[in-house]
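Step one of this worksheet: look at the structure below.
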Amino acid sequence: REGALLEPPVYAWWALLPPPLDVVVGLRQVHFLARHWAAVRGEPWQGDPVAEEFFPFISAPRFTLRQFARTPALWFQFTADWEELDWPLLQDPSEGAPWRSPFEWGFLWGGAPADPAPKSIGLAPADLAAALARDLSEGRYILTGNLTSSLFADDCRFVDPNNAVDGLSRYRQALGFLFEPTRSQLDNVHVRVVAAGSGRATIEATYVASGELKLPWRPKISPWSGKISYDVSPVTGLVVAQTDVWNITRFDAIRQTFTPGSTSRR
Numbered sequence: 001r002e003g004a005l006l007e008p009p010v011y012a013w014w015a016l017l018p019p020p021l022d023v024v025v026g027l028r029q030v031h032f033l034a035r036h037w038a039a040v041r042g043e044p045w046q047g048d049p050v051a052e053e054f055f056p057f058i059s060a061p062r063f064t065l066r067q068f069a070r071t072p073a074l075w076f077q078f079t080a081d082w083e084e085l086d087w088p089l090l091q092d093p094s095e096g097a098p099w100r101s102p103f104e105w106g107f108l109w110g111g112a113p114a115d116p117a118p119k120s121i122g123l124a125p126a127d128l129a130a131a132l133a134r135d136l137s138e139g140r141y142i143l144t145g146n147l148t149s150s151l152f153a154d155d156c157r158f159v160d161p162n163n164a165v166d167g168l169s170r171y172r173q174a175l176g177f178l179f180e181p182t183r184s185q186l187d188n189v190h191v192r193v194v195a196a197g198s199g200r201a202t203i204e205a206t207y208v209a210s211g212e213l214k215l216p217w218r219p220k221i222s223p224w225s226g227k228i229s230y231d232v233s234p235v236t237g238l239v240v241a242q243t244d245v246w247n248i249t250r251f252d253a254i255r256q257t258f259t260p261g262s263t264s265r266r
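In terms of this note's numbering, the sequence shown opens at residue 1 and continues consecutively.
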């Protein structure tokens, strides 16, 4: 019948959203079920001022989390005339393919100063691989930011499935806000040179990591395996790009981020 639901009011995986976002799910389900059954029974819709006037997100057509975050008109009656938030991390990567590209976080660390340490120019790929292995095994730098800055170009690009940062100093600053070093692990590190010669050298590293994030609800990230590819400049011998690939999905990483862990600290 006209007015009956033609699609779910929320995406199925929203059932896993933690508080307070689960309230959005519940309110939309109640509102759209009421409209659906009124249409099925042939009853005129009496309206819902709370959903249709005061809290538009309850009655709006289905939207993504990014659309919700960047569209104040969905939030409250008094934000109906606010302009959309033009922030890079809130933009959908491509139409019909949300969540495929990592979030670009560089804008948050625009004022990060460059590292003054001199660079290790001309380091042989094997020596660079050995130094990266130490930084991973001893410094656990992808969890702590404790890396040897002389190995990386200042404009190095760092990418993983969820995050992308341009610039060494920005990357180190961002890592300082993520994991609790004393409650995080990085093991089974293996580093090797996979390509070297007249062209750009490539180094690969594998690892297993786990940890606790520096968030008030202390989420714990279960062990995951990763493989890092380092692109090395043939001119300077410095790492100019780092790409990390995980054996878990982006959704699983985000889900664990918003899952409360134990609040007790031993």
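The beta carbon of each residue, even a glycine, is placed where N, CA and C say it ideally should be.
Because the structure is a prediction, the values reported are computed rather than measured.
On the three-state DSSP scale, how would you describe residue i?
| i | result |
| --- | --- |
| Arg-157 | strand |
| Pro-223 | strand |
| Asp-244 | strand |
| Asp-86 | coil |
| Glu-95 | Only weak support exists for where Glu-95 lies, its pLDDT of 41 falling under 50; the coordinates are left without a value. |
| Ser-169 | helix |
| Val-10 | coil |
| Phe-152 | strand |
| Arg-70 | helix |
| Tyr-230 | strand |
| Phe-258 | coil |
| Phe-179 | strand |
| Arg-192 | strand |
| Pro-239 | Strictly speaking, residue 239 in this sequence is Val, with Pro absent from that position. DSSP places Val-239 in strand when its eight states are reduced to three. |
| Ala-164 | strand |
| Thr-79 | helix |
| Asp-48 | coil |
| Arg-62 | coil |
| Ala-129 | helix |
| Leu-17 | coil |
| Leu-136 | helix |
| Glu-43 | coil |
Check for me: the alpha helix (DSSP H) holding residue i runs from which residue to which?
| i | result |
| --- | --- |
| Ile-121 | Careful: Ile-121 lies outside any alpha helix (DSSP H) and carries neither H nor E. |
| Ile-58 | Counting along the chain, Ile-58 falls outside any alpha helix (DSSP H), and DSSP gives it neither H nor E. |
| Leu-143 | 141 to 144 |
| Gly-26 | 21 to 40 |
Quick one, which of the options has its alpha-carbon nearest residue i's?
| i | options | result |
| --- | --- | --- |
| Ala-241 | Ala-15, Arg-183, Leu-168, Trp-37 | Leu-168 |
| Asp-231 | Phe-63, Gly-211, Glu-138, Cys-156 | Cys-156 |
| Asn-188 | Gln-46, Phe-54, Glu-138 | Glu-138 |
| Thr-236 | Pro-125, Gly-176, Ser-229 | Pro-125 |
| Glu-53 | Trp-37, Ala-34, Gln-77 | Gln-77 |
| Ser-149 | Phe-57, Pro-116, Val-40, His-36 | Pro-116 |
| Thr-243 | Thr-79, Gly-211, Thr-202, Glu-212 | Thr-202 |
| Gln-185 | Val-165, Ala-174, Ala-209 | Ala-209 |
| Lys-214 | Ser-229, Ala-253, Leu-178 | Leu-178 |
| Glu-180 | Arg-62, Gly-261, Leu-17, Asp-86 | Gly-261 |
| Glu-204 | Ala-34, Arg-140, Ala-164, Ala-129 | Ala-129 |
| Gln-256 | Ser-229, Ser-222, Trp-246 | Ser-222 |
| Leu-123 | Pro-56, Ala-196, Ala-60 | Ala-196 |
| Pro-8 | Leu-16, Val-23, Leu-33 | Leu-33 |
| Arg-172 | Pro-56, Tyr-141, Gly-42, Ser-229 | Tyr-141 |
| Pro-118 | Asp-154, Asp-86, Asp-127 | Asp-154 |
| Asn-163 | Asp-48, Ile-254, Ala-12, Val-23 | Ile-254 |
Please state whether the Cβ-Cβ distance between residue i and residue j is less than 7 Å.
| i | j | result |
| --- | --- | --- |
| Thr-206 | Lys-227 | yes |
| Val-30 | Val-10 | no |
| Ile-248 | Trp-217 | no |
| Leu-143 | Asp-135 | no |
| Leu-132 | Val-194 | no |
| Val-239 | Phe-152 | yes |
| Pro-234 | Arg-200 | yes |
| Glu-84 | Thr-71 | yes |
| Ala-325 | Trp-45 | Residue 325 is absent from the structure shown; the chain starts at 1 and stops at 266. |
| Leu-27 | Ile-58 | yes |
| Gly-211 | Gly-176 | no |
| Ala-80 | Ala-73 | yes |
| Phe-258 | Pro-18 | yes |
If you follow the beta strand (DSSP E) that residue i is in, where does it begin and where does it stop?
| i | result |
| --- | --- |
| Ala-209 | 201 to 212 |
Strictly by DSSP, which residues pair up with residue i?
| i | result |
| --- | --- |
| Asp-187 | Val-208 |
| Asp-252 | DSSP output for Asp-252 lists no bridge partner at all. |
Is any heavy atom of the ligand ADP found at a distance shorter than 6 Å from the C-beta of residue i?
| i | result |
| --- | --- |
| Asn-162 | Because no ligand of any kind appears in the structure shown, any question about the ligand ADP cannot be addressed here. |
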